[in-house]
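Undergrad: Can you keep this structure in mind? I'll have questions shortly.
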Amino acid sequence: MHHHLVREISDDNYALDVISGDPVLVTSPLMVGEPGSEWEGSLIFTKEYLLSLVELGLKHQLLNLQELKTTGRRASHGI
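Counting from 87, one number per residue, gives the positions in the sequence shown under the working numbering.
Structure representation (C-alpha cells):
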C-alpha cells in the first residue's frame, strides 16, 4: 500500500544542476515503495508526476518539443 503518492513537483521541490557536463533536473525520491510491499524500495511514478517532469524539462530547456514528438512517434509505433 502507498500512503502518499506525489502527483506533481512543486517549485521548491527540485533543483537544476550540471553533472558531468550534462544539465539535469534533481528531485527528491518521494515516492518509494513501502517496507513490506512488493515494491519496497522502488521509485514509483504517477502519470501526473511524469507529466510534471516533462513540463519542467521543457520549461528549463532540458528537453525540446521536437524530441518529445519523436519519442512519442517511436512509442506509438512500438519501436
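Where a beta carbon is used, it is the ideal one built from N, C-alpha and C, also for glycine.
Exposed or buried, what is residue 105 when buried is set at 16 or more other beta-carbons lying within 10 Å of its beta-carbon?
TA: The residue given as residue 105 occupies position 19 in the sequence shown. By the 10 Å Cβ count, residue 105 comes out exposed.
Undergrad: By the DSSP assignment, the alpha helix (DSSP H) with residue 157 in it spans what residues?
TA: For the purposes of this step, residue 157 is taken as the residue at position 71 of the sequence shown. Counting along the chain, the alpha helix (DSSP H) containing residue 157 begins and ends at 151-162.
Undergrad: Counting C-beta neighbours from all protein chains within 10 Å, is the total for residue 162 16 or more, i.e. buried, or is it exposed?
TA: Counting from one through the sequence shown, the residue named residue 162 turns up at place 76. When all chains shown are included, residue 162 counts as exposed.
Undergrad: For residue 135 and residue 129, I'd like the C-alpha separation in whole angstroms.
TA: As a first step, residue 135 must be located in the sequence shown, where it is residue number 49. As a first step, residue 129 must be located in the sequence shown, where it is residue number 43. Each residue's alpha carbon lies about 12 angstroms from the other.
Undergrad: Hey, quick one: how far does the alpha helix (DSSP H) through residue 137 stretch, first residue to last?
TA: By one-based count along the sequence shown, residue 137 stands at place 51. Counting along the chain, the alpha helix (DSSP H) containing residue 137 begins and ends at 133-145.
Undergrad: Note the first and the last residue of the continuous beta strand (DSSP E) segment covering residue 111.
TA: Position 25 of the sequence shown holds residue 111. Here the beta strand (DSSP E) through residue 111 covers 108-113.
Undergrad: Classify residue 95 as helix, strand or coil using the three-state DSSP reduction.
TA: As a position in the sequence shown, residue 95 is number 9, starting the count at 1. Correct three-state label for residue 95: coil.
Undergrad: Can you tell me whether DSSP reads residue 122 as helix, strand or coil?
TA: For the purposes of this step, residue 122 is taken as the residue at position 36 of the sequence shown. Residue 122 falls in the coil class under three-state DSSP.
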